[in-house]
Amino acid sequence: MKDLRSKINDIAKRRGIFWNSYEIYGGVAGFYDYGPVGANLKKNLLDLWLEEFVYRDGLMLIDSPVIGPEIVYRASGHVDKFADFMVRCKSCGHAFRVDELIGEFVEIPDALSPEEMNRVIREKNIRCPDCGGELTDVEEFHLMFSTRIGLDKVGFLRPETAQGIFVNFPLLYRINREKLPMGVAQIGRAYRNEISPRQGVLRQREFNMAEIELFVDPEERFDDSRIEDVELPLLKMDGEFIRLSAREAFEKGIVNAYMAYYMARIMRFLEKIGIDTSRVRFRQHHREELAHYSKDTWDCEIELSRGWVEVIGIAYRGAYDLEHHMQYSGADMRAFRKFKEEKIVKRRKIVPRMEILGPMYKGKAKSVAEVLEGMEAPEEKVELKVEMNGSTYTIPEDAYDIVEEERKVSGERFIPHVVEPSFGIDRLIYAILEHTYYEREDSGYKVLRIPPRIAAVKAGVFPLMNRDGMDTRAREILDILRKNGINAYYDDSGSIGRRYARADEIGVPFCITVDYQTLKDGTVTVRERDSTEQKRVPVEKLPDTLRNLIEGRISFGELDAHVR
RNA sequence: GCGGGUGUAGUCUAGUGGUAGGACGGGGGCUUCCCAAGCCUCUAGCCCGGGUUCGAACCCCGGCACCCGCACCA
Numbered sequence: 158m159k160d161l162r163s164k165i166n167d168i169a170k171r172r173g174i175f176w177n178s179y180e181i182y183g184g185v186a187g188f189y190d191y192g193p194v195g196a197n198l199k200k201n202l203l204d205l206w207l208e209e210f211v212y213r214d215g216l217m218l219i220d221s222p223v224i225g226p227e228i229v230y231r232a233s234g235h236v237d238k239f240a241d242f243m244v245r246c247k248s249c250g251h252a253f254r255v256d257e258l259i260g261e262f263v264e265i266p267d268a269l270s271p272e273e274m275n276r277v278i279r280e281k282n283i284r285c286p287d288c289g290g291e292l293t294d295v296e297e298f299h300l301m302f303s304t305r306i307g308l309d310k311v312g313f314l315r316p317e318t319a320q321g322i323f324v325n326f327p328l329l330y331r332i333n334r335e336k337l338p339m340g341v342a343q344i345g346r347a348y349r350n351e352i353s354p355r356q357g358v359l360r361q362r363e364f365n366m367a368e369i370e371l372f373v374d375p376e377e378r379f380d381d382s383r384i385e386d387v388e389l390p391l392l393k394m395d396g397e398f399i400r401l402s403a404r405e406a407f408e409k410g411i412v413n414a415y416m417a418y419y420m421a422r423i424m425r426f427l428e429k430i431g432i433d434t435s436r437v438r439f440r441q442h443h444r445e446e447l448a449h450y451s452k453d454t455w456d457c458e459i460e461l462s463r464g465w466v467e468v469i470g471i472a473y474r475g476a477y478d479l480e481h482h483m484q485y486s487g488a489d490m491r492a493f494r495k496f497k498e499e500k501i502v503k504r505r506k507i508v509p510r511m512e513i514l515g516p517m518y519k520g521k522a523k524s525v526a527e528v529l530e531g532m533e534a535p536e537e538k539v540e541l542k543v544e545m546n547g548s549t550y551t552i553p554e555d556a557y558d559i560v561e562e563e564r565k566v567s568g569e570r571f572i573p574h575v576v577e578p579s580f581g582i583d584r585l586i587y588a589i590l591e592h593t594y595y596e597r598e599d600s601g602y603k604v605l606r607i608p609p610r611i612a613a614v615k616a617g618v619f620p621l622m623n624r625d626g627m628d629t630r631a632r633e634i635l636d637i638l639r640k641n642g643i644n645a646y647y648d649d650s651g652s653i654g655r656r657y658a659r660a661d662e663i664g665v666p667f668c669i670t671v672d673y674q675t676l677k678d679g680t681v682t683v684r685e686r687d688s689t690e691q692k693r694v695p696v697e698k699l700p701d702t703l704r705n706l707i708e709g710r711i712s713f714g715e716l717d718a719h720v721r
């Protein structure tokens, strides 16, 4: 008995959903092609995602490059945190992280160069902790793919699409008319040079992500009326598993309002794409497994044949990213928070009188005055002393004035916090396949019960037989459907049952059959995948009817009333 | 990357040194054919590269891929 995973992979390859890339050259681990069915499935899934998460909430969609200069990934922390120095045991082959091995001998292991690490290992005679064997030289392992930009600039392939959003924050903030919360979304590929990717399509070196960065004011309350009433399965950091509504989870302080909002939206979304939500949970990360940028992360996990798999992550990234980009780039990554009422700030400040200081200190006068301006104004006018470059300059009391200044302050600048829901698209697609797969009880035929909305192909058009004009009529109908924007295909090979079976296997929700009656009264049969029931529909009503069925405006059961 | 296992048409599989067989699928045809029916017919394979041998799918070495375990997994 084959396991579910082999069955899915079998269908995926045979029917054009996905397969391992570069097969004619033996294949390369961690890279997958989407075939004609998979590519459409992915496209439909992303369209729904855009609708559900981007357009619905008025977020901005952007598209930034895959390759970024080194500085970006230094700022983001990936160059440091995404690289490990490793050694291997020459006899048992086990791999170890150098910082862990030399940690007890060196204060800050990460600060050492590889050569210094090698020296420490040799001097302290560190050997394999498992078998005592000799260790290899230190090698650096980078989880990021590196490349060159032009002749000699180091570039990296992005390990997440997020940085492309962060680096554009100032511009996007202005485009959004300087309003928070501000959500920015990006769909694209990201790259991680995994040491040994297994688990097929679940762990790839090049993969598809759909990410949202929601920039928020940490002092502003989220409008929690937006949290939908959806039951959430929560596995807390402390190991407790509870089911409770998103609202309750928020009110009890288990998750913050943003998390609760997105968790609820995610549950709804998963339901729409065919995931069995009884096999979904949100798992909170333990402190030690949090990414370097994250304060709190909940993974949305889906139970697959291989156990629970992380498919979506919601990370509370705080101000980490913007802060770092501000540091590294010098750009102002802050937002402006208006006070409810303007504040009047009174300040006493020193105003140098240059007509006195000028002749007194000549060329130095200007810099002396600058230091003087920065000093605290004294209660009464006295002689002041300015220390500068080791010399002391005396400022007589008539060489400055004390001015009372009143300034209106209408707000303050701050670095927004970021909430990041991040969707692993390939994993989501695989999960859809596993959760929608079933075998018919009577015949054992394989079916993917993919919701019509995201199914790759919406309809198959079959002539019952290739004769008496049924074939030409069927081709005409195919043409009509295609011209109406319905992705349909034609199949006249094999028996009619075989054609239904072929359609079921890639989740085609509706099959149109042209039979003898079509020639007489202009109706065709529409066969629904899941029930295998058939209903007759006049050809002229077919495009509308199908579109209504696909969009879920009517159910198959309501079809009779609808076409009458 | 290490240890173990596996690799034969698109898929599943038989074949232990004498030159590959089946099933399913796929294409064409026949059959008034509505749930992989039947019949005829075609299609297509020893993962790649070296070695041993008169001769290798089979034995040996290397590589690649997949599976299990270890390590790794923002």
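If you want the numbering used here, it's the position in the first sequence, counting the first as 1, plus 157.
For every residue, glycine included, the Cβ atom is placed at its ideal position computed from N, Cα and C.
M420 sits buried, since 16 or more C-beta atoms from the chains shown fall within 10 Å of its C-beta.
Fully enclosed beta strand (DSSP E) runs of no fewer than 3 residues occupy 388-392, 398-402 of the region 377-408, in order along the chain.
When C-alpha distances from I411 are compared across I423, R510, R425, M394, the shortest belongs to M394.
Listed in chain order, the beta strand (DSSP E) runs fully inside the region 182-252 are 189-191, 217-219, 224-226, 240-245, counting runs of at least 3 residues. If you look at F323, you'll find it in the alpha helix (DSSP H) that goes 319-323. The beta-bridge partner set that DSSP reports for T551 consists of K542. For D583, the three-state secondary structure derived from DSSP is helix.
When C-alpha distances from V437 are compared across E445, D717, E446, L427, the shortest belongs to L427. Contact between the region 338-354 and the region 205-222 is present: three or more C-beta pairs spanning the two stretches fall below 8 Å.
Under DSSP, F496 forms no beta bridge with any residue.
In this structure, DSSP gives G312 an extended state, which the three-state scheme calls strand.
Contact between Y485 and D453 is ruled out by a C-beta separation of about 25 Å, above the 8 Å threshold. In chain order, Q343, G345, A347, M366, E368 place their CB closer than 7 Å to the CB of T318, counting only its own chain and leaving out the 5 sequence neighbours on each side.
Residue pairing of I501 in beta bridges, as defined by DSSP: K565. Taking C-beta atoms as the reference points, R686 and D661 count as a pair closer than 8 Å. Judged by DSSP secondary structure, N365 falls within the beta strand (DSSP E) whose first and last residues are 363-373. For A631, the enclosing alpha helix (DSSP H) covers residues 627-640. Shown here, K506 sits in a strand according to DSSP, grouped into three states. In terms of Cβ geometry, I432 and I459 form a close pair [threshold 8 Å]. The Cβ-Cβ distance between V618 and I653 does not fall below 8 Å. About 21 Å separates the beta carbons of V502 and Y557, which is beyond the 8 Å limit, so they are not a contact pair.
According to the DSSP assignment, E428 belongs to the alpha helix (DSSP H) that extends over 414-429. According to DSSP, residue pairing for L699 in a beta bridge does not occur. Excluding residues up to 5 positions away in sequence, Y230 lie with their Cβ nearer than 6 Å to the Cβ of V236 in the same chain.
Under the three-state reduction of DSSP output, F326 falls in the helix class.
About 7 Å separates the beta carbon of R684 from that of Y657, a gap short enough to meet the 8 Å contact definition. Each residue's CA atom was taken as its position, placing V468 and E272 some 39 Å apart. For S524, the enclosing alpha helix (DSSP H) stretches over residues 522-531. When only Cα atoms are considered, H481 and G601 end up about 56 Å apart. N166 is positioned such that its CB atom lies no closer than 8 Å to that of A613. In this structure, Q361 sits near Y189, with a CB-CB distance shorter than 8 Å. Within the DSSP bridge table, the entry for E460 names W465 as partners. In this structure, the CA atom of E563 is about 10 Å from the CA atom of K500. Annotated three-state conformation of S600 is coil, per DSSP. Annotation for N333: no alpha helix (DSSP H) segment contains it, and DSSP assigns it neither H nor E. Distances from the alpha-carbon of R610 to those of K164, S178, L205 put L205 closest.
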